[in-house]
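These notes are about the structure you will find just below.
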Amino acid sequence: MKQYLYRLGIAGLATMQVMMLAVALYLEVFGNLEPEFKSYFRWVSLIFATPVLLYSALPFYINAWRSIKGRTLGMDVPVSIALIFAYVASLVATVTEQGEVFFESISMFTFFLLIGRYLEMRARRKAAAASGNLLKLIPAIANKLNGEQVPVKSLQIGDQIKVLPGEHIPADGVVLNGRIHIDESMLTGESLPVVKGKDDFVYAGTLNGDEAFDLEVRSTKADSMISSIVRLQDEAQLSKPKIAEIADIVARYFVAIILVIAAGTWFFWHQTEPDDAFWIMLSVLVATCLVLYR
505 MKQYLYRLGI AGLATMQVMM LAVALYLEVF GNLEPEFKSY FRWVSLIFAT PVLLYSALPF
565 YINAWRSIKG RTLGMDVPVS IALIFAYVAS LVATVTEQGE VFFESISMFT FFLLIGRYLE
625 MRARRKAAAA SGNLLKLIPA IANKLNGEQV PVKSLQIGDQ IKVLPGEHIP ADGVVLNGRI
685 HIDESMLTGE SLPVVKGKDD FVYAGTLNGD EAFDLEVRST KADSMISSIV RLQDEAQLSK
745 PKIAEIADIV ARYFVAIILV IAAGTWFFWH QTEPDDAFWI MLSVLVATCL VLYR
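Whatever position you read off the sequence shown (first residue = 1), add 504 for this note's numbering.
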């Protein structure tokens, strides 16, 4: 996560600097920019865009290479091609002082894609942390009725334990005596305590009020309600919804179509306007990459 922040930070700083220089190059249309200043702005833009391409955009290249090795076409394949082609073309244009440069597009494109990836990664990590925090609500030690302290993970169905005031309940089970107040907000979101009496069911991880009571265990720690919730959360993070699987399949075909269209675009324009063929093909790649990530 920290490495991703470094990549995002470098891309963001470079984008701001390159965009300031790009504005001057854009305004050349409305005025006269001295050739030496134009060349200077391009070289400075090249310096800022290079770490973006080589460092910030590295995750896209890695994912693209994995896709190619796995004989699939992921969304990072056209992204990587567009970034590399745009950089090489801009580098040639800067050195030869001919043609257009796209350093601002490279930096901004990488920056916004990294923002999306970072937010997705952050959401996944928060979900994983929430799952871990739920399990921490189950105490490690339980008190048996004879005063013996045992690990909660060793409790078996039918064991009887004592739950002390202010203690998190160690296991799912049935109340054997007393009238108690249980805070079930971690399960239901209800802030008010729930009144429980003899033979009522209570859940591991919920909080006992100010009265001690005896509990008969009805499920082990691994089979408790809270463990089932955590297990479902973990499965949801590891698996994809059906609609996401369909989207991935469609995206693979879409990527293949994009590459074919880009190649066809270059071939067509190469017959009529050879000097513009590469730039038009590059525009097709960049535009379709943006569509993929919407």
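Think of the CB as a built atom: it goes at the ideal place given N, C-alpha and C, for glycine as much as any other residue.
Here the C-alpha atom of Met523 lies approximately 53 Å from the C-alpha atom of Gly709. For Asn567, the uninterrupted alpha helix (DSSP H) run begins and ends at 562-573, by DSSP. If one requires a minimum length of 3 residues, the beta strand (DSSP E) runs lying completely within the stretch 701-753 are 717-721, in chain order. Sequence-distant partners of Gln521 (beyond 5 residues in either direction) whose C-beta falls short of 7 Å from its own C-beta, in its chain, are Phe552.
Within the same chain, Ala781 come within 7 Å of His774 by CB-CB distance, once the 5 residues on both sides are set aside.
Going by beta carbons, Ala767 and Leu789 fall outside the 7 Å limit. In this structure, DSSP gives Asn647 an extended state, which the three-state scheme calls strand. The count of Cβ pairs closer than 8 Å, one atom from the stretch 701-720 and one from the stretch 669-689, reaches three, so the stretches are in contact. Between Pro582 and Thr792 the beta-carbon gap is near 7 Å, inside 8 Å, which marks them as a contact. If you check the CB distance, Ile684 and Gly713 come in under 7 Å.
Uninterrupted beta strand (DSSP E) stretches at least 3 residues long and entirely within the stretch 631-694 occur at 645-648, 653-655, 664-667, 677-679, 684-687, given in chain order. For Val788, the secondary structure class from DSSP, reduced to helix, strand or coil, is helix. In this structure Tyr591 touches Leu557 by the C-beta definition: roughly 5 Å separates them, less than 8 Å. In the structure shown, the three-state DSSP call for Val605 is coil. Apart from the 5 residues on each side of it in sequence, Val698 sits with its Cβ closer than 6 Å to the Cβ of Ile686, Glu688 in its chain, given in chain order. DSSP places Thr600 in the uninterrupted alpha helix (DSSP H) bounded by 580-600.
With a contact defined as Cβ atoms closer than 8 Å, Val721 and Ile665 qualify at about 7 Å.
In this structure Gly682 is exposed. Its beta-carbon is surrounded by fewer than 16 other beta-carbon atoms within 10 angstroms. Scanning its chain for C-beta atoms nearer than 6 Å, with the 5 sequence neighbours on each side dropped, one finds around Arg546 the residues Thr598, Val605, in chain order.
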